[in-house]
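Asks: If you scroll down you'll find the structure; I have some questions about it.
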Amino acid sequence: MMMVNVFLDFNIPMEDNYVKSTNRKSIDDREDFSVWLVIAEKVRRFNFVVNVVILDDEQTFAEMLDKQIELHCVKKDWLYESQIYTSARELLKNNLSRVQIAFLDIDMPEQSGLDVASVLRGRYPELILVFVTAFIEYAPSGYKVDAFRYLLKPQLDEELPCCMDAIQEKLYESKNCVLIRLKNRVEKVATKNILYIEGTSRRMVRLFLITGDLLECFGKLEDYDELLSESGFVRLQKSFLANMQYIDRIASYNAYLQTGITIKVSEKNYKDTCKKFLLWKGTHL
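Numbering (numbering that gives the first Met the number 0), first residue to last: 0 to 284.
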């Protein structure tokens, strides 16, 4: 598969599929690209990346749908990447781990879109599935693969914008969650619900939630530090990582949380910790 970088005015078709990337502003030029991971309504509206795959046996319709999605993304100032396939077999041959959304026609000649969706759901549990078809009678079947939306082709102009806005909300929510491995299950926790994290010497970490609950999960604090560094968390010392959303102030080598808890701050990194906290506060007043 060939990767082609193009701008809005270009449209380069291939036989079975093509890959297109639209980027109105270079990511390198956007100093705050990673900041959209932070929980902030204003920040999250920018630098939003949408990675889409489209499956439809009608190349003309697939390209038209791709163009409509692209135009919607440009209006929202979102970065957009897409792949188009007219063959279900070709689509399933490829690694789609980076894809967030699949727009699938149901009535396909060699393999139905429902069958394709079932395979994709098994491979990529977090993939958002949107069916786009002319036949409303297929709609009830979507629940089998946890379809996110069902769009009718004749009503695409009216339904697509609402669908894309809903997808943004869903993707935003997932970006502000962390998957943790407990002793007997894997659980998704919203980062906004984490008060602070404590590392232990047993390759375990303890998540203290704002609800007062405590979760003990596998992993090292360093892993969570890297994972949450752009989501409003700061490393206070060797064993503690705190959510800056709940830090009231940092003074005299202590971090004072809004809940009344006090955590010691490393003397070695005290200035850097204070600087990071002040910069975060300055953008979240």
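Cβ coordinates follow ideal geometry from the N, Cα and C atoms, glycine included.
Over the uninterrupted beta strand (DSSP E) stretch that includes Ala62, give me the two end residues.
Replies: Here residue 62 corresponds to residue number 63 of the sequence shown, with the count starting at 1. In the sequence under discussion, the amino acid at residue 62 is Glu, which differs from the Ala named in the question. Premise fails: Glu62 lies in the alpha helix (DSSP H), 58-75, not in any beta strand (DSSP E).
Asks: Please go through the same chain and pick out, in chain order, the residues whose beta-carbon is closer than 7 Å to the beta-carbon of Arg44, but skip the five residues on each side of it.
Replies: The residue given as residue 44 occupies position 45 in the sequence shown. Any reading at Arg44 must be qualified, since the residue scores a pLDDT of 43, below 50, and its modelled position is unreliable; no value is offered.
Asks: Three-state secondary structure (DSSP) at Ile166?
Replies: Taking the sequence shown and counting its residues from 1, the one referred to as residue 166 is at position 167. If DSSP states are grouped into helix, strand and coil, Ile166 belongs with the helices.
Asks: So for Ser81, helix, strand or coil by DSSP?
Replies: The residue labelled residue 81 in the question sits at position 82 within the sequence shown. It is a strand residue.
Asks: Using a 10 Å radius around the Cβ and a threshold of 16 neighbouring Cβ atoms, would you call Arg242 buried or exposed?
Replies: Within the sequence shown, residue 242 is the residue found at index 243, counting from 1. Checking the sequence, you will find Asn at residue 242 rather than Arg. By the neighbour-count rule (16 or more Cβ atoms within 10 Å), Asn242 is buried.
Asks: Is it buried or exposed, Glu69, if we count other Cβ atoms within 10 angstroms and call 16 or more buried?
Replies: Stepping through the sequence shown from its first residue, residue 69 is reached at position 70. Answer is buried; the Cβ neighbour count reaches 16.
Asks: Short check: CB of Val131 to CB of Leu95, under 8 Å?
Replies: Residue mapping note: residue 131 aligns to position 132 of the sequence shown, counting from 1. Residue mapping note: residue 95 aligns to position 96 of the sequence shown, counting from 1. No; because the gap between Cβ atoms is not below 8 Å, this pair is not in contact.
Asks: Could you name the residues of the same chain whose beta carbon sits closer than 8 Å to that of Lys169, not counting the 5 residues immediately before and after it, in chain order?
Replies: Mapped onto the sequence shown, residue 169 falls at position 170. Once the five neighbours on either side are set aside, the close Cβ partners of Lys169 are Ile127, Phe147.
Asks: Using the Cα positions of Trp279 and Met203, report the straight-line distance between them to the nearest angstrom.
Replies: By one-based count along the sequence shown, residue 279 stands at place 280. By one-based count along the sequence shown, residue 203 stands at place 204. The straight-line gap from Cα to Cα measures roughly 28 Å.
Asks: Any chance you could list the beta strand (DSSP E) runs of at least 3 consecutive residues sitting entirely within the stretch 190-224, in chain order?
Replies: The stretch 190-224 contains these whole beta strand (DSSP E) runs: 193-198, 203-208, 213-217.
Asks: Contact between the stretch 95-115 and the stretch 49-65 is defined here as three or more beta-carbon pairs at a separation below 8 Å; is this criterion met?
Replies: Contact between the stretch 95-115 and the stretch 49-65 is present, because at least three Cβ pairs lie under 8 Å.
Asks: Taking the alpha helix (DSSP H) that Tyr245 belongs to, which residues open and close that run?
Replies: As a working mapping, residue 245 is identified with position 246 in the sequence shown. Taken as a continuous stretch (DSSP letters only), Tyr245 belongs to no alpha helix (DSSP H), as it is neither H nor E.
Asks: So, are the CB atoms of Ile179 and Leu214 less than 8 Å apart?
Replies: Locating residue 179 in the sequence shown gives position 180, where the first residue counts as 1. Locating residue 214 in the sequence shown gives position 215, where the first residue counts as 1. Cβ atoms of Ile179 and Leu214: closer than 8 Å.
Asks: Going by DSSP, name the residue or residues bridged to Lys187.
Replies: Here residue 187 is taken as the residue at index 188 of the sequence shown, counted from 1. In DSSP, Lys187 forms a bridge with Leu178.
Asks: Determine the burial state of Leu64: buried for a count of at least 16 other Cβ atoms within 10 Å of its Cβ, exposed for fewer.
Replies: Along the sequence shown, read from residue 1 onward, the residue named residue 64 stands at position 65. Buried, since its Cβ has 16 or more Cβ neighbours within 10 Å.
Asks: At the level of alpha carbons, what is the spacing between Ser265 and Phe239?
Replies: Looking up residue 265 in the sequence shown gives position 266. Looking up residue 239 in the sequence shown gives position 240. Those two C-alpha atoms are separated by around 10 Å.
Asks: Starting from Arg103 and walking both ways along the alpha helix (DSSP H), at which residues does that stretch end?
Replies: The sequence position of residue 103 within the sequence shown is 104, counting from 1. Sequence check: residue 103 is Leu here, not Arg. Note, Leu103: premise wrong, no alpha helix (DSSP H); beta strand (DSSP E) at 100-103.
Asks: Counting along the chain, where does the alpha helix (DSSP H) carrying Thr272 start and finish?
Replies: The residue given as residue 272 occupies position 273 in the sequence shown. 269-281 is the span of the alpha helix (DSSP H), which, as asked, contains Thr272.
Asks: When DSSP builds the beta bridges, which residues end up paired with Lys263?
Replies: In the sequence shown, counting from the first residue as 1, residue 263 sits at position 264. Paired residues: Asn253.
Asks: Note down, in chain order, each residue of its chain lying with its Cβ closer than 8 Å to the Cβ of Asp224, except the 5 sequence neighbours on either side.
Replies: The sequence position of residue 224 within the sequence shown is 225, counting from 1. Taken in chain order, the residues that qualify are Phe232, Arg234, Leu240.
Asks: Quick one, which of Thr85, Lys237, Ile249, Gly211 has its alpha-carbon nearest Lys307's?
Replies: Because the chain here runs from 0 to 284, residue 307 falls outside it and cannot be looked at.
Asks: To which residues of the same chain is Cys72 closer than 6 Å at the C-beta, ignoring the five residues directly before and after it?
Replies: For the purposes of this step, residue 72 is identified with residue 73 of the sequence shown, where counting begins at 1. Hits under 6 Å: Val49, Tyr79.
Asks: Check the DSSP bridge columns for Leu91 and list the partner residues they point to.
Replies: For the purposes of this step, residue 91 is identified with residue 92 of the sequence shown, where counting begins at 1. Partner(s): none; Leu91 has no beta bridge.
Asks: Taking the straight line between their C-alpha atoms, what separation do you get for Leu227 and Phe134?
Replies: Indexing the sequence shown from 1 puts residue 227 at position 228. Indexing the sequence shown from 1 puts residue 134 at position 135. Going by the C-alpha atoms only, they are around 44 Å apart.
Asks: Counting only the same chain and skipping the five closest in sequence on each side, list residues whose C-beta sits under 6 Å from that of Tyr255.
Replies: The residue given as residue 255 occupies position 256 in the sequence shown. The answer, listed in chain order, is Asp247, Arg248, Thr261.
Asks: So what's Leu126 in DSSP terms, helix, strand or just coil?
Replies: Position 127 of the sequence shown, counted from the start, is the residue given in the question as residue 126. It is coil, neither helix nor strand.
Asks: Between the alpha carbons of Val42 and Met163, how many angstroms are there, rounded?
Replies: Here the question's residue 42 lines up with position 43 in the sequence shown. Here the question's residue 163 lines up with position 164 in the sequence shown. Model confidence at Val42 stands at a pLDDT of 38, short of 50, so the residue's coordinates are unreliable and nothing is read from them.
Asks: In the DSSP output, which residue or residues are listed as bridge partners for Arg148?
Replies: By 1-based counting over the sequence shown, the position of residue 148 is 149. Val129, per the DSSP bridge assignment.
Asks: Helix, strand or coil: which one does DSSP assign to Arg120?
Replies: Your numbering for residue 120 matches position 121 in the sequence shown. Residue state, collapsed to three classes: helix.
Asks: Could you give the DSSP three-state label for Gln110: helix, strand or coil?
Replies: Here residue 110 refers to the residue found at position 111 when the sequence shown is read from its first residue. Looking at Gln110 - three-state DSSP - the assignment turns out to be coil, as it is neither helix nor strand.
Asks: Residues in its own chain within less than 8 Å of Asn253 by CB, not counting five upstream and five downstream?
Replies: The residue given as residue 253 occupies position 254 in the sequence shown. Cβ neighbours of Asn253 beyond the five flanking positions: Thr261, Ile262, Lys263, Val264.
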